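Let me begin by presenting the structure, written as structure tokens, before commenting on it.
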Amino acid sequence: MGLIQEIIKDRERALKSYSRGLESKIHLMNKAWTVVDNDVKFKRLIFEKNGTLYVTVNGKIIESQWEHLSSIDALILKIGEEKIIFYEVYLNHVALILKTDSPEPEYIAMVNPEKLPSLNLLEYLEGFDNHFRLSHGN
28 MGLIQEIIKD
38 RERALKSYSR
48 GLESKIHLMN
58 KAWTVVDNDV
68 KFKRLIFEKN
78 GTLYVTVNGK
88 IIESQWEHLS
98 SIDALILKIG
108 EEKIIFYEVY
118 LNHVALILKT
128 DSPEPEYIAM
138 VNPEKLPSLN
148 LLEYLEGFDN
158 HFRLSHGN
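When we follow the working numbering, the leftmost residue of the sequence shown carries the number 28, and every step to the right adds one.
Structure, rendered in structure tokens:
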């Protein structure tokens with residue numbers, strides 16, 4: 028498990044309490060979410076209102092689909108022939124963090140480069156931690 032994965036796992040409960048939720052799809056759609064991980068490939072996901080999902084990897088587009096399942100507040104992403112269900116950990120105008128539906132979940136972390144040009148999710152989460160501590164008197 029990489030550093031970002033560990034940090035998200037440790038902070039999952041706090042992040043979830045501040046999330047806007049998947050019902051607030053306005054934060055999700057029509058943005059080029061940039062995946063932040065240890066991979067050297069440049070990946071973006073663009074969620075369109077009509078359910079189209081554009082996944083780009085180093086500039087190459089994979090046309091895909093997405094669907095919000097409101098009954099369980101989850102996202103289904105169909106990339107190529109593979110369908111994956113994700114639950115939201117955190118969503119706002121800056122960051123989108125999802126986790127797989129699994130006993131040993133994997134996390135996918137994305138940032139909105141218009142709001143966080145540095146793509147430094149770790150720094151953003153540290154600021155979040157400071158805000159959380161201040162607002163809870165810790």
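Note that CB positions come from ideal geometry on N, CA and C, so glycine has one too.
As the structure is a computational prediction, the values presented were derived from the model and not from experiment.
Residue range of the beta strand (DSSP E) that residue i falls in?
i: Met137; result: 134-138
i: Ser91; result: 87-96
i: Val62; result: 59-62
Hey, residue i and residue j are a contact pair by Cβ (cut 8 Å); roughly how many whole angstroms apart?
i: Lys110; j: Ile99; result: Not confirmed; about 15 Å, so no contact.
i: Ile35; j: Ala136; result: 6 Å
i: His54; j: Asn147; result: Contact doesn't hold; Cβ gap of about 19 Å is too wide.
i: Ile31; j: Val63; result: 6 Å
i: Phe74; j: Asn85; result: Phe74 to Asn85, Cβ: 20 Å. No contact.
Return the residue from the list the options that minimises the CA-CA distance to residue i.
i: Leu42; options: Leu143, Ile112, Leu125; result: Leu125
i: Tyr114; options: Leu80, Gly86, Ser97, Val121; result: Ser97
i: Gly107; options: Thr79, Asp37, Gln32, Ala59; result: Thr79
i: Ala179; options: Ile112, Phe69, Ser91; result: Coverage of the chain is limited to positions 28 through 165, which leaves residue 179 absent and any answer about it impossible.
i: Met56; options: Pro132, Glu94, Glu131, Tyr151; result: Glu94
i: Tyr5; options: Leu149, Glu141, Val116; result: Any answer about residue 5 is impossible in this case: the structure gives the chain only from 28 up to 165.
Pick helix, strand or coil for residue i, following the three-state DSSP scheme.
i: Leu148; result: helix
i: Leu161; result: With a pLDDT of 42 at Leu161, under the threshold of 50, the modelled position of that residue is not reliable, and the figure given next carries that caveat. Note: Leu161 maps to helix in three-state DSSP.
i: Glu153; result: helix
i: Glu141; result: coil
i: Ile103; result: strand
i: Lys76; result: coil
i: Leu123; result: strand
According to DSSP, residue i sits in a beta bridge with which residue or residues?
i: Leu118; result: Leu123
i: Glu109; result: Ile106
i: Arg71; result: Thr61, Thr83
Of all Cβ atoms in chain D, is any one closer than 8 Å to the Cβ of residue i?
i: His95; result: Chain labels in this structure do not include chain D; a single protein chain is all it has.
Between residue i and the ligand MN, is there a pair consisting of the residue's CB and a ligand heavy atom that are separated by less than 7 Å?
i: Ser91; result: Questions concerning the ligand MN fall outside what the structure shown contains, since it holds no ligand whatsoever.
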